[in-house]
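Participant: When we follow the numbering used here, the leftmost residue of the sequence shown carries the number 55, and every step to the right adds one. No residue lacks a Cβ here, since even glycine has one placed at the ideal position from N, Cα and C. The structure presented is a predicted model; accordingly, all values stated were derived computationally and were not measured. Take this structure, written in structure tokens, and hold onto it; I'll ask about it next.
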Amino acid sequence: MQSKLDTYLSKTFAGSFFPLFFTLFIISSVVAIIKLADITAVVRLSSNDFLKLYLYGVPQLFFYSVPISFFLAGSISLAKLSFDSEITATIALGATKEMIIKPFAILAIFFTSLLLFLGLVAIPMANATAKSFIDEKKVTSKLNLEPNSVGQKFGDWFVFALGEDKNGSFTDMVLFSRKFQSSLADPNKQTGDKLIYSKIATVQTEDGLPVLKLKNGSALMYDENLSQTSIKKLQFKELSLREEMEAIRGENGYFIEYWKVGLKDSKRAKDFADTVLAAMSPILNILLSFAFGVSMTRRDKNRAVLYSVAAISLYYLLILTISPQITFYAIPVITFIWTIFVVTVYKKSMFSKY
55 MQSKLDTYLS
65 KTFAGSFFPL
75 FFTLFIISSV
85 VAIIKLADIT
95 AVVRLSSNDF
105 LKLYLYGVPQ
115 LFFYSVPISF
125 FLAGSISLAK
135 LSFDSEITAT
145 IALGATKEMI
155 IKPFAILAIF
165 FTSLLLFLGL
175 VAIPMANATA
185 KSFIDEKKVT
195 SKLNLEPNSV
205 GQKFGDWFVF
215 ALGEDKNGSF
225 TDMVLFSRKF
235 QSSLADPNKQ
245 TGDKLIYSKI
255 ATVQTEDGLP
265 VLKLKNGSAL
275 MYDENLSQTS
285 IKKLQFKELS
295 LREEMEAIRG
305 ENGYFIEYWK
315 VGLKDSKRAK
325 DFADTVLAAM
335 SPILNILLSF
345 AFGVSMTRRD
355 KNRAVLYSVA
365 AISLYYLLIL
375 TISPQITFYA
385 IPVITFIWTI
395 FVVTVYKKSM
405 FSKY
């Protein structure tokens with residue numbers, strides 16, 4: 055009987071959960087896409103880049119959508135069974151409260167485990183990867199060199215390229231600098247005017263910094279001192295020019311190191327507490343679904359959705375209020391307070407009387 059009951063209740067729950075989940079997921083996706091669209095004002099993104107950034111945000115969309123969907127779906131599915139008198143009939147046939155709660159408890163444990171993985175592991179790593187990707191695109195977009203266009207600069211260099219080949223490399227590029235920190239000899243030595251010609255040039259990034267790769271060219275170095283004036287000419291097969299920029303410092307993608315920061319940073323500690331408490335929502339609220347969903351059909355109106363929305367709002371309000379004040383300690387404190395509240399409401403519900 056238990057297996058058939060589990061299957062039936064799970065199917066009923068799924069019929070409410072998936073429509074709610076996909077609705078919330080789509081709404082969250084629209085908000086995420088609007089935020090990503092703001093990035094395009096600063097960074098040039100292709101359609102593939104845009105899709106990649108969206109996919110980096112999918113774990114976060116799941117994390118926000120699942121707890122609310124689970125709680126509401128549990129209350130709605132139980133309310134439907136209650137008002138169709140199926141809960142009463144099931145108990146009359148010999149089922150116990152524990153047998154009815156069991157499939158919902160298994161689902162709650164599964165979703166809590168999934169949310170803990172998403173919140174503590176997947177989201178920090180995805181956010182770090184996305185930030186690194188955006189920073190790299192920002193660096194690349196700063197170059198934005200175009201062929202046959204004057205007035206362009208790469209660091210201290212004025213750049214002009216006569217054309218572009220089918221591989222996207224620049225052809226016949228000329229660079230000029232009036233004050234150059236030489237990479238040909240001593241990088242720390244300040245020299246005079248520089249003029250470089252290269253047959254082939256490509257823009258790349260190394261370690262997150264822009265690099266101009268020059269091939270098959272020559273360099274003229276003009277140095278005028280008080281005592282003498284000299285002109286030197288060098289031929290080269292390959293030459294790399296790096297733009298001097300502030301180093302990009304992204305979050306460490308490794309989730310353990312990411313959360314370790316919370317031992318010293320109160321904001322990171324708060325984020326950890328918020329994540330754990332949000333992930334625990336399915337387990338902490340499972341009895342509320344029964345308290346709100348199962349009711350006396352002849353006497354009570356179906357207010358399962360109203361009560362559930364009020365309860366989940368109160369739960370997140372507690373997190374937003376208490377977590378910033380006591381950070382890590384908010385996890386046991388809010389868990390204790392909310393458990394007392396849930397047990398009290400459940401004991402007064404009709405389902406507890408079965």
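Arg296 bridges to which residues according to DSSP?
Facilitator: Beta-bridge pairing links Arg296 to Val265.
Participant: According to DSSP, is Tyr308 part of a helix, a strand, or is it coil?
Facilitator: Of the three classes helix, strand and coil, the one that applies to Tyr308 here is coil, per DSSP.
Participant: Got a sec? Which residues, its chain only, sit under 7 Å from Thr381 by beta carbon, not counting five neighbours each side?
Facilitator: Excluding sequence neighbours, Thr381 sits near Ser320, Ala323, Lys324, Ala327.
Participant: Could you say if the stretch 355-372 and the stretch 139-153 meet the contact criterion of at least three C-beta pairs nearer than 8 Å?
Facilitator: At 8 Å Cβ cutoff, the stretches do not touch.
Participant: Going by DSSP, what residue range makes up the beta strand (DSSP E) through Thr256?
Facilitator: 247-260 is the extent of the beta strand (DSSP E) around Thr256.
Participant: How is Asn242 classed by DSSP in three states: helix, strand or coil?
Facilitator: Low per-residue confidence applies at Asn242: pLDDT is 44, beneath 50, and the placement is therefore not dependable, though the value from the model is reported in the following sentence. Three-state DSSP puts Asn242 in coil, outside helix and strand.
Participant: Ser131 and Ser82 - do their beta-carbons sit closer together than 8 Å?
Facilitator: Cβ atoms of Ser82 and Ser131: not closer than 8 Å.
Participant: Which residues bound the alpha helix (DSSP H) around Asp60?
Facilitator: Note, Asp60: alpha helix (DSSP H), 56-93.
Participant: Given Phe67, which residues of its chain have a CB within under 8 Å of its CB, disregarding the five upstream and five downstream residues?
Facilitator: These residues qualify, in order along the chain: Ala127, Gly128, Ser131, Pro157, Phe158, Leu161.
Participant: Under the DSSP definition of a beta bridge, which residues are partnered with Gln206?
Facilitator: Paired residue(s): Val213.
Participant: Near Gln114, what residues of its chain come up, given a Cβ to Cβ distance below 6 Å and the 5 sequence neighbours on each side ignored?
Facilitator: Excluding positions up to five away in sequence, the list reads Ile177.
Participant: Between Ala273 and Ile310, is the Cβ-Cβ spacing less than 8 Å?
Facilitator: No, Cβ-Cβ distance for Ala273 and Ile310 is not below 8 Å.
Participant: Keeping to the same chain, check which residues put their C-beta closer than 8 Å to that of Trp313; ignore five residues upstream and five downstream.
Facilitator: Hits under 8 Å: Leu174, Pro178, Arg322, Phe326.
Participant: When the Cα atoms are used, what is the spatial distance from Gln235 to Arg296?
Facilitator: In this prediction, Gln235 scores a pLDDT of 49, lower than 50, which makes its location untrustworthy; the coordinate-derived value is nonetheless stated afterwards. When rounded, the distance between both Cα atoms is 10 Å.
Participant: Taking the straight line between their C-alpha atoms, what separation do you get for Lys53 and Leu288?
Facilitator: The structure shown does not extend to residue 53, since the chain is modelled only from 55 through 408, so no value can be given for it.
Participant: Flag this pair as yes or no: are the beta carbons of Phe208 and Val228 separated by less than 8 Å?
Facilitator: Going by C-beta atoms, Phe208 is not nearer than 8 Å to Val228.
Participant: Looking at the unbroken alpha helix (DSSP H) that takes in Thr398, where does it start and where does it end?
Facilitator: Taken as a continuous stretch (DSSP letters only), the alpha helix (DSSP H) holding Thr398 covers 384-401.
Participant: My assumption, with CB atoms under 8 Å, is that Gly347 sits in contact with Ser136. Please give the rounded CB distance.
Facilitator: That pair is a contact at about 6 Å.
Participant: Give the single residue among Leu341, Tyr383, Gln379, Glu292 whose Cα lies nearest to the Cα of Ile366.
Facilitator: Of the candidates Leu341, Tyr383, Gln379, Glu292, the one whose C-alpha sits nearest the C-alpha of Ile366 is Leu341.
Participant: With H, G and I counted as helix, E and B as strand and the rest as coil, what does DSSP make of Ala358?
Facilitator: The answer is helix: DSSP assigns Ala358 an H, G or I state.
Participant: For Phe224, count neighbouring C-beta atoms within 10 Å of its own C-beta (all shown protein chains included) and say buried if the count is 16 or more, exposed if not.
Facilitator: Phe224 should be labelled buried.
Participant: To the nearest angstrom, how far is the alpha carbon of Phe395 from that of Ala333?
Facilitator: If I take the Cα positions, the gap works out to 18 Å.
Participant: In whole angstroms, give me the CA-to-CA distance for Asp103 and Lys58.
Facilitator: Rounded to whole angstroms, Asp103 to Lys58 spans 47 Å at the Cα level.
Participant: Out of Ile163, Ser167, Ala255, Phe187, which one is the CA nearest neighbour of Pro201?
Facilitator: Out of Ile163, Ser167, Ala255, Phe187, Ala255 has the C-alpha closest to the C-alpha of Pro201.
Participant: What residues are listed by DSSP as bridge partners for Gly271?
Facilitator: According to DSSP, which records beta bridges pairwise, Gly271 is partnered with Ser252, Phe290.
Participant: Leu147 by DSSP, collapsed to three states: which one?
Facilitator: The answer is coil: DSSP assigns Leu147 none of H, G, I, E or B.
Participant: If you follow the alpha helix (DSSP H) that Phe230 is part of, which residue opens it and which one closes it?
Facilitator: Here Phe230 belongs to no alpha helix (DSSP H); instead the beta strand (DSSP E) covers 224-231.
Participant: Going by DSSP in three states, Ser139 sits in which element: helix, strand or coil?
Facilitator: Note: Ser139 maps to coil in three-state DSSP.
Participant: Starting from the C-beta of Ile93, find all residues in its chain whose C-beta is less than 8 Å away, skip the five residues before and the five after it, and write them out in chain order.
Facilitator: Cβ neighbours of Ile93 beyond the five flanking positions: Leu99, Leu107, Ile188.
Participant: According to the Cβ coordinates, are Ile337 and Ile155 closer than 8 Å?
Facilitator: No; because the gap between Cβ atoms is not below 8 Å, this pair is not in contact.
Participant: Considering only DSSP beta bridges, list what Glu218 is partnered with.
Facilitator: Beta-bridge pairing links Glu218 to Phe224.
Participant: Let me confirm a value: Asn339 is counted as buried when at least 16 other C-beta atoms fall within 10 Å, else exposed. Which label applies?
Facilitator: Buried, because 16 or more other Cβ atoms sit within 10 Å of the Cβ of Asn339.
Participant: Quick check on DSSP: helix, strand or coil for Met404?
Facilitator: Coil at Met404, not helix or strand.
Participant: Would you call Ile141 buried or exposed, if buried means 16 or more other Cβ atoms sit within 10 Å of its Cβ?
Facilitator: Buried.
Participant: Taking the alpha carbon of Gly271 as the point to measure from, which residue in Ser231, Glu292, Glu218 has its own alpha carbon closest?
Facilitator: Nearest C-alpha to Gly271: Glu292.
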